[in-house]
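Trainee:
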Amino acid sequence: MERLQVLKIGGSVLTDKRSGSNELREGLLREVFSRIRDELAGPLVLVHGGGTEVHRVAVEYNVAAGAERSSTEGLARTALEVRRLNLKVIELMISSGLLPFSVPASLAFRTTGGRIKSANLDPFLASLEHGLIPVTCGDVVFDRELGFTVLSGDSIAVYLATKLRAARIVYATDVDGVLARDPDGRTRLVPLMDYETHRRTVYTEVPDATGGMAAKVEEAFEAVEAGVEVVIVNGLRPERVIGALRGERVEGTYLVRSFSSKKS
Ligand SMILES: Nc1ncnc2c1ncn2[C@@H]1O[C@H](COP(=O)(O)OP(=O)(O)OP(=O)(O)O)[C@@H](O)[C@H]1O
Ligand SMILES: [Mg+2]
Numbered sequence: 427m428e429r430l431q432v433l434k435i436g437g438s439v440l441t442d443k444r445s446g447s448n449e450l451r452e453g454l455l456r457e458v459f460s461r462i463r464d465e466l467a468g469p470l471v472l473v474h475g476g477g478t479e480v481h482r483v484a485v486e487y488n489v490a491a492g493a494e495r496s497s498t499e500g501l502a503r504t505a506l507e508v509r510r511l512n513l514k515v516i517e518l519m520i521s522s523g524l525l526p527f528s529v530p531a532s533l534a535f536r537t538t539g540g541r542i543k544s545a546n547l548d549p550f551l552a553s554l555e556h557g558l559i560p561v562t563c564g565d566v567v568f569d570r571e572l573g574f575t576v577l578s579g580d581s582i583a584v585y586l587a588t589k590l591r592a593a594r595i596v597y598a599t600d601v602d603g604v605l606a607r608d609p610d611g612r613t614r615l616v617p618l619m620d621y622e623t624h625r626r627t628v629y630t631e632v633p634d635a636t637g638g639m640a641a642k643v644e645e646a647f648e649a650v651e652a653g654v655e656v657v658i659v660n661g662l663r664p665e666r667v668i669g670a671l672r673g674e675r676v677e678g679t680y681l682v683r684s685f686s687s688k689k690s
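Each residue of the sequence shown is one higher than the one before, starting from 427 at the first, in my numbering.
1. Just checking, does the segment 507–521 make contact with the segment 486–495 on the three C-beta pairs under 8 angstroms criterion?
2. When we look at the beta-carbon of residue 652 and count the other beta-carbons within 10 Å, is it buried (16 or more) or exposed?
3. Relative to the alpha-carbon of residue 439, which residue among 673, 455 and 648 has its alpha-carbon at the smallest distance?
4. Measure from the alpha carbon of residue 582 to the alpha carbon of each residue in 612, 604 and 547, then state which is nearest.
5. Go through its chain and collect everything with a Cβ distance to residue 458's Cβ below 7 angstroms, but skip five positions before and after it.
6. Take residue 475 and list the residues in its own chain whose beta-carbon comes closer than 6 angstroms to its own, dropping the five residues that flank it on each side.
7. The beta strand (DSSP E) spanning residue 566 covers which residue range?
8. Does the beta carbon of residue 556 fall short of 8 angstroms from some heavy atom of ligand 1?
9. List, from N- to C-terminal side, the alpha helix (DSSP H) runs of 4 residues or more that fit wholly inside the segment 591–671.
10. What three-state label does DSSP hand residue 493 in the structure shown?
11. Taking the beta carbon of residue 690 as the centre, do at least 16 other beta carbons fall within 10 Å, making it buried, or is it exposed?
12. Classify residue 427 as buried or exposed, calling it buried when 16 or more other Cβ atoms lie within 10 Å of its own Cβ.
13. Could you tell me the distance, in whole angstroms, from the CA atom of residue 606 to the CA atom of residue 446?
14. Closest to residue 451 by CA distance: which of 587, 560, 603 and 662 is it?
15. Using alpha carbons as the reference points, say which of 465, 561 and 525 lies closest to residue 512.
16. Is the beta carbon of residue 471 closer than 9 angstroms to that of residue 577?
Encoded structure:
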């Protein structure tokens, strides 16, 4: 039996967050989903991100900061946008011939100070047993310290991959991978990155509900430490997403355990 993989499709792939449009990139997603159907045999968990409107509402109401600094209106409105987006993704998967099973993160995960502390993994395990693809996404969740907060798809991907002993996480985002700014000001793709390189990299972030690329990489190293292979690829290039899931070496950033400890 092939080992489990986790695919995290970023909100920046679902919609064009830069242009401000909340339109789903339907053609692109159909291609990714139908190629998963045709070219992948093993079990898969799909996690998706927030998309333009989810991020807009979450930032407007500062939902991630919790009950004291946000509002229940923000919580309710963000939850609504998350449901709308998830429904669209599920519909596209089904019409592309996949069998998704939606697991709301707001029900499956309980956080403390924004970190997942407990989870109900049963719906993930049961849907996998039935040959379905469990689908969950970045969401609003109830938090033991903050009252409520935003839980990112990136954190969910790391948690599930670690707990379910996945072989690999593939992060699909809207850039080729981790881009490092060289001293001459030019950016270049980092094909292999260990934790030290990550700490030295200059990330150029735009405001976002859940922290962007630097936060993604920081968390992803927890999965790397647990033995999960982590690849960050450009989700606007379906062949790279599929190739990465097939275990091929594709253009993107591969996170690795420390370069220095590799020598020993
Ligand atoms: N050094 C960097 N390398 C790569 N991307 C970077 C860097 N610094 C900032 N970024 C930004 O990080 C973004 C990707 O992270 P972001 O969290 O926005 O995407 P996502 O994971 O696809 O979306 P979501 O969080 O909604 O799921 C890119 O669009 C890029 O603009
Ligand atoms: Mg993000």
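From the three backbone atoms N, C-alpha and C, an ideal C-beta is built for every residue, glycine too.
Mentor: Straight from the coordinates:
1. Here the segment 507–521 does not lie against the segment 486–495, with fewer than 3 beta-carbon pairs under 8 angstroms apart.
2. The residue labelled residue 652 in the question sits at position 226 within the sequence shown. Around the CB of residue 652, fewer than 16 other CB atoms lie within 10 Å, so the residue is classed as exposed.
3. For the purposes of this step, residue 439 is taken as residue 13 along the sequence shown, with counting starting at 1. Nearest of 673, 455 and 648 to residue 439, Cα basis: 455.
4. What you label residue 582 is simply residue 156 of the sequence shown in a count that begins at 1. The shortest CA-to-CA distance from residue 582 to any of 612, 604 and 547 is the one to 547.
5. Translated into the one-based positions of the sequence shown, residue 458 becomes position 32. Residues of the same chain with a CB within less than 7 angstroms of the CB of residue 458, apart from the 5 flanking positions on each side, are 664 and 667 in chain order.
6. Taking the first residue of the sequence shown as 1, we reach residue 475 at position 49. Sequence-distant partners of residue 475 (beyond 5 residues in either direction) whose C-beta falls short of 6 angstroms from its own C-beta, in its chain, are 436, 437, 564 and 579.
7. Along the sequence shown, one-based indexing puts residue 566 at 140. Start and end: 565–569.
8. Position 130 of the sequence shown, counted from the first residue, corresponds to residue 556. Relative to the non-hydrogen atoms of ligand 1, the Cβ of residue 556 never comes closer than 8 angstroms to any of them.
9. The alpha helix (DSSP H) runs of length 4 or more contained entirely in the segment 591–671 are, from start to end of the chain, 621–626, 638–651 and 664–671.
10. For the purposes of this step, residue 493 is identified with residue 67 of the sequence shown, where counting begins at 1. Coil at residue 493, not helix or strand.
11. Locating residue 690 in the sequence shown gives position 264, where the first residue counts as 1. Unreliable placement is indicated for residue 690, whose pLDDT of 40 sits below 50; no coordinate value is reported for it.
12. Working through the sequence shown from its first residue, we reach residue 427 at position 1. Exposed: under 16 other Cβ atoms inside 10 Å.
13. Against the sequence shown, residue 606 aligns to sequence position 180. Against the sequence shown, residue 446 aligns to sequence position 20. Cα to Cα, the separation comes out at about 25 angstroms.
14. Here residue 451 is taken as the residue at index 25 of the sequence shown, counted from 1. Comparing Cα-Cα distances from residue 451 to each of 587, 560, 603 and 662, the minimum goes to 662.
15. Your numbering for residue 512 matches position 86 in the sequence shown. Selected option, being the one with the closest Cα: 561.
16. As a working note, residue 577 is residue 151 in the sequence shown. As a working note, residue 471 is residue 45 in the sequence shown. Taking C-beta atoms as the reference points, residue 577 and residue 471 fail to come closer than 9 angstroms.
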